[in-house]
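Colleague: Counting along the sequence shown from 1, when you hit position 347 you're at 677 in my numbering, and nothing is skipped either side. Where a beta carbon is used, it is the ideal one built from N, C-alpha and C, also for glycine.
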Amino acid sequence: MQKNQEYILDIVDVTAEGSGIGKVDGMAVFVPLTAVGDRAKVKILKVKKNYAYGKLLSLVKPSKTRIDNSCPSFNQCGGCVYRHISYEAEKLIKENKVYENIKRIGGVDILPQPIIVAKPERYRNKAQYPLSQDYSAGFYAFHSHRIIPCEDCLLQPEIFSKITEFVTDWAKEYDISIYDEATHKGFLRHIYIRRAEKTNEIMVCLVVNGEILPESDQLVDRLLSLCGNSLKSLVININRKDTNVILGDKCKTVYGNNYITDILCGIKVRLSPLSFYQVNRNMAEKLYEKAREYANPKGKNIIDLYCGAGTIGLSMARDANSIIGVEIIPEAIEDAKYNTKINGIENARFICADATDAAKQLASEGVTCDVVIVDPPRKGCSMEVINTIAEGFKPKDVVYVSCDSATLARDIKLFSENGYELKEYTPCDLFPRTSHVETVCLLSRK
Ligand code: SAH
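(1) Going by DSSP, what residues sit across from Ile374 in a beta bridge?
(2) Between which two residues does the beta strand (DSSP E) holding Ala358 run?
(3) Rounded to a whole number of angstroms, what is the C-alpha to C-alpha distance between Glu430 and Ile672?
(4) Report the partner residues of Pro762 according to the DSSP bridge assignment.
(5) Taking the alpha carbon of Arg763 as the reference point, which residue from Ile374, Leu363, Val565, Cys410 has its own alpha carbon closest?
(6) Under three-state DSSP, which class holds Leu441?
(7) Helix, strand or coil, according to DSSP, for Arg775 in the structure here?
(8) How would you label Ala365, buried or exposed, when you count the other beta carbons within 10 angstroms and need 16 or more for buried?
(9) In terms of residues, what are the limits of the beta strand (DSSP E) holding Ser466?
(10) With a floor of 3 residues, list each beta strand (DSSP E) that falls wholly inside the segment 579-619, ordered by position along the chain.
(11) Closest by CA to Ala467, which one among His473, Leu543, Ala457?
(12) What is the C-beta distance between Leu772 and Tyr624, in whole angstroms, given that I count them as a contact (C-beta under 8 Å)?
(13) By the three-class DSSP mapping on this structure, what secondary structure does Thr364 have?
(14) Would Ile746 and Pro706 be called neighbours here (beta carbons separated by less than 9 Å)?
(15) Comparing the CB of Cys771 with every heavy atom of the ligand FMN, is any distance shorter than 8 Å?
(16) Gln406 by DSSP, collapsed to three states: which one?
(17) Could you give the residue range of the alpha helix (DSSP H) that holds Pro660?
(18) Mind pulling the beta strand (DSSP E) runs of 3 or more residues that sit fully within the segment 503-541?
(19) For Ile681, collect the residues of the same chain with a Cβ closer than 6 Å to its Cβ; drop the 5 residues on either side in sequence, then sort them by chain order.
(20) Does at least one heavy atom of the ligand SAH sit under 8 Å from the Cβ of Asp355?
(21) Buried or exposed, going by whether 16 or more other CB atoms sit within 10 Å of the CB of Glu420?
(22) Report yes or no: do the segment 363-377 and the segment 332-352 share at least 3 C-beta pairs separated by less than 8 Å?
(23) Decide if the segment 602-616 is in contact with the segment 524-531; the criterion is three or more beta carbon pairs, one per stretch, under 8 Å apart.
(24) Between Val308 and the ligand SAH, is the CB less than 8 Å from at least one heavy atom?
(25) Using the C-alpha atoms, what's the distance from Arg740 back to Gly436?
(26) Can you give me the start and stop residues for the alpha helix (DSSP H) that Leu417 sits inside?
(27) Pull up the distance between the alpha-carbon of Val701 and that of Pro444, whole angstroms please.
(28) Is any non-hydrogen atom of the ligand SAH found closer than 8 Å to the C-beta of Gly436, if you look at the structure I gave you?
(29) Indicate the three-state DSSP secondary structure (helix, strand or coil) for Tyr636 in the structure shown.
(30) Can you list, in chain order, the residues of its chain with a C-beta nearer than 8 Å to that of Asp355? Leave out the 5 residues immediately preceding and following it.
(31) May I ask which residues mark the beginning and end of the alpha helix (DSSP H) holding Ile742?
(32) If you reduce the DSSP assignment to three classes, tell me which class Glu336 lands in.
(33) Please list, in chain order, all residues of the same chain as Gly638 whose beta carbon is under 7 Å from its beta carbon, the five residues on each side excluded.
(34) For Cys557, which of helix, strand or coil comes out of DSSP?
(35) Going by DSSP in three states, Gly655 sits in which element: helix, strand or coil?
(36) Using three-state DSSP, classify Asp547 as helix, strand or coil.
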């Protein structure tokens, strides 16, 4: 196979990132924007030792799973990879991806519980829009800082598009300059919006290269005319650094509070610009409900590792005997403590530490528990955490919430070598149209 050659390929599989896979003489060719079932004319772009990349030229015969893509920015911004196939087909791909990883990497052949599915459009409650010098808001291209204009992202609530329009109109009218990454000059860097869906409270945060927001009264008036009393907070986040990290660490309130409040699984959750919160609230609720079913919290002592703002543990606190949450980011622990207080919960405590260190420390103090919940970042748990859970806490059950089924599968194997077996698992589609899928698992002591 050589660069620039053209082939007619049958697309037979899909990568974890959502590219279709065809074969030439047994060698895999990855072709973005194709779907399983397509017969496609493909041009080879790059040939590696064991695989190649190709570009879709035309469809000879389209897959039955195809639908009309409804977004003009599809495949340009770094967001969706599955807008060209039905949600039904996407669901099966995701379910299968989790199953294959757990079988191949985890060494356990158990079928998943049916994937918990979502509303595939407008499910996000948070957006951060970079701005281009012509005052259009958009998103960065995949693996890049090139801005792809996007007037209305179909994963975001409609009100977010209106807010960005109002903000950019205001900025244009009052000559508020747009930040330029290349020169490190200009004022307005990002428009960051959050919505608490249950309470319908909205926060608008402008990330700025400065300390004071000029013409702020005008902006507040305009946003109030758009959002009414849903607008609970207008803040600036000060980011004066020459960095591609979006948020700085200081915020100033311009209007209302410096937070909004959502309700998740019956728990009030305070959201400040810097606090972590699941971007798909409705699905987070379903994910936590599944975690609750697996943890069966009544009367139990529960340790919640990688707890963020404590939401999983707190959602079980009213039934559990005790909750200990561990999280490495100080602000998240502050939020967790605050959330504990505003919900009148008295049997939960939170520790700000690395999960491995805290687990070892607690185990050395003789702390044991009935259930450990882990919800680590993509890289998964450390081997030491798994050892400490198995040998120190000795819980009957471990509930593992994962955003990466490959590292989850690796950890399932490690747990099984430490005396825990996978009982059941459920994929949960928190991020429809993207390549991501969450999974919640129950592991029990053998
Ligand atoms: N359970 C929470 C957050 C999950 S995200 C929720 O559902 O909202 C994973 C969390 O792990 C993040 O908050 C991250 O800050 C935290 N984290 C990452 N590395 C960690 C470590 N080594 N020790 C403890 N927490 C860590």
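Modeller: Quick answer:
(1) Gly384
(2) 357-361
(3) 42 Å
(4) Beta-bridge pairing links Pro762 to no other residue.
(5) Cys410
(6) coil
(7) strand
(8) buried
(9) Looking at the DSSP string, Ser466 is not in any beta strand (DSSP E), and its letter there is neither H nor E.
(10) 580-586, 590-594, 597-601
(11) Ala457
(12) 4 Å
(13) coil
(14) A small correction: the amino acid at residue 746 is Ser; Ile does not occupy that position in the sequence shown. No.
(15) Within the structure as shown, the ligand FMN is missing, the only ligands being the ligand SAH.
(16) coil
(17) 660-672
(18) 518-526, 531-538
(19) Val656, Ala688
(20) no
(21) buried
(22) yes
(23) yes
(24) Residue 308 falls outside the range modelled here, since the chain spans only 331 to 776, and no answer is possible.
(25) 5 Å
(26) According to the sequence displayed, residue 417 carries Tyr and not Leu. 417-434 is the span of the alpha helix (DSSP H), which, as asked, contains Tyr417.
(27) 24 Å
(28) no
(29) coil
(30) Met331
(31) 735-747
(32) strand
(33) Phe606, Glu657, Ala662
(34) helix
(35) strand
(36) helix
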